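In what follows, a structure is listed as structure tokens, so that the remarks can point back to it.
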Amino acid sequence: MLNVGVLVSGGGTNLQAIIDSIESGRLLSAKIAVVVSSNEKAYALERAKNHGIPALSVSKAKLNLSQSDYDEALIKIMSSYSVDLIVLAGFMSMLGEGFIKKYENRIINIHPSLIPSFCGKGCYGKEPHRRAIERGVKLTGATVHFVNNEYDAGPIIIQKAVDVLDDDTPESLQARVMKEAEWIVLPEAIRLISEGKVKVENGRAKIYE
Ligand code: GRF
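Sequence positions in the sequence shown follow the working numbering and run 5 to 213.
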């Protein structure tokens, strides 16, 4: 059984997708051991509590923590719940080198575009969708990738494409990418990892399904 620690900051719809995939029996070999939010007001915490999942918030700003102290606090929590895989599901805080080194190739993130398009520092939330509309691309989507020390640059595990419609707004596109891509690929990536079917070779993630 793969113990998953989910890091959140906001509404938690991706967390909900993981919860639903576990409860529906689609994701059999993973369990959410703990949810940690960078924002104490995140609705994601409510979602965790509604499903009996331990839910904590650790705000770097509120606790006035340095990056290394914040990393250490998160590592302590993850270790106490014997977490094997860290999932960033709308997590908006920085992870330092200490944390990333500790969980090398065991941290995954969901990004709302087809990386390497529309990603990188400052490109999150509605921004990837605004840029996709502005560029006039006909396809965008979502990417699950391993996290390393650069923004959105780790090995890509899964991607799923979504049509961009002529009358799309950043809001309508964000909603469709979440529903038709994010909430599908994130649980699927966790399933593949939990079944030992993802290997990183020469900086690329390979799926052995
Ligand atoms: C999602 O769009 C995700 O791609 C991005 O942040 C948003 C989080 O949404 N990383 P939620 O908190 O999972 O609803």
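Think of the CB as a built atom: it goes at the ideal place given N, C-alpha and C, for glycine as much as any other residue.
Quick caveat, the model's predicted, so the values are computed rather than measured.
query: Limits of the unbroken alpha helix (DSSP H) element including Arg208; result: Looking at the DSSP string, Arg208 is not in any alpha helix (DSSP H); the run it does join, the beta strand (DSSP E), is 208-211.
query: Leu190 - containing beta strand (DSSP E), residue span; result: Note, Leu190: premise wrong, no beta strand (DSSP E); alpha helix (DSSP H) at 187-198.
query: Asn54 (DSSP reduced to helix, strand or coil); result: helix
query: C-beta contact flag for Lys106 and Asp156 at 9 Å; result: no
query: DSSP three-state assignment for Ala59, whether helix, strand or coil; result: strand
query: C-beta contact flag for Ala185 and Gly145 at 9 Å; result: yes
query: Closest Cα partner of Ile36 within the set Trp187, Glu44, Arg180, Glu27; result: Glu27
query: Proximity to Glu101 [Cα-Cα], best of Leu11, Asn152, Ala77, Val204; result: Asn152
query: Strand pairing of Ser41, partner residues [DSSP]; result: Val12, Ser61
query: Helix, strand or coil at Asp75 according to DSSP, with G and I counted as helix; result: helix
query: Residues of its chain near Ile188, where Cβ-Cβ distance is below 7 Å and the 5 sequence neighbours each way are ignored; result: Lys164
query: Contact under 9 Å by Cβ, Asn128 with His149; result: Going by the sequence as given, residue 128 is Tyr instead of Asn. Cβ distance not < 9 Å, so Tyr128 and His149 don't count as in contact.
query: beta-carbon Pro116 near ligand 1 non-hydrogen atom, thresh 8 Å; result: yes
query: Beta-carbon gap between Ala3 and Asn18 smaller than 9 Å; result: Examination of residue 3 is not possible in this model, given that the chain is present from 5 through 213 alone.
query: Which of helix, strand or coil DSSP assigns to Asp171; result: coil
query: Minimum C-alpha distance to Ser84 - residue among Leu60, Gln71, Asn68, Leu99; result: Leu60
query: Beta-carbon proximity list for Ala46, same chain, < 6 Å, skipping 5 on both sides; result: Val12, Ser13, Gly14
query: Cβ shell of Cys123 (< 6 Å), same chain only, five flanking positions each side left out; result: His115, Ser117, Asp156
query: Test item: CB-CB of Ile40 and Arg51 under 9 Å; result: One detail in the question is off: residue 40 reads as Val in this sequence, not Ile. Taking 9 Å as the Cβ cut-off, Val40 and Arg51 do not qualify as a contacting pair.
query: Check: Phe122 C-beta below 8 Å from any heavy atom of ligand 2; result: No copy of ligand 2 occurs in the structure displayed; its ligands are ligand 1 alone.
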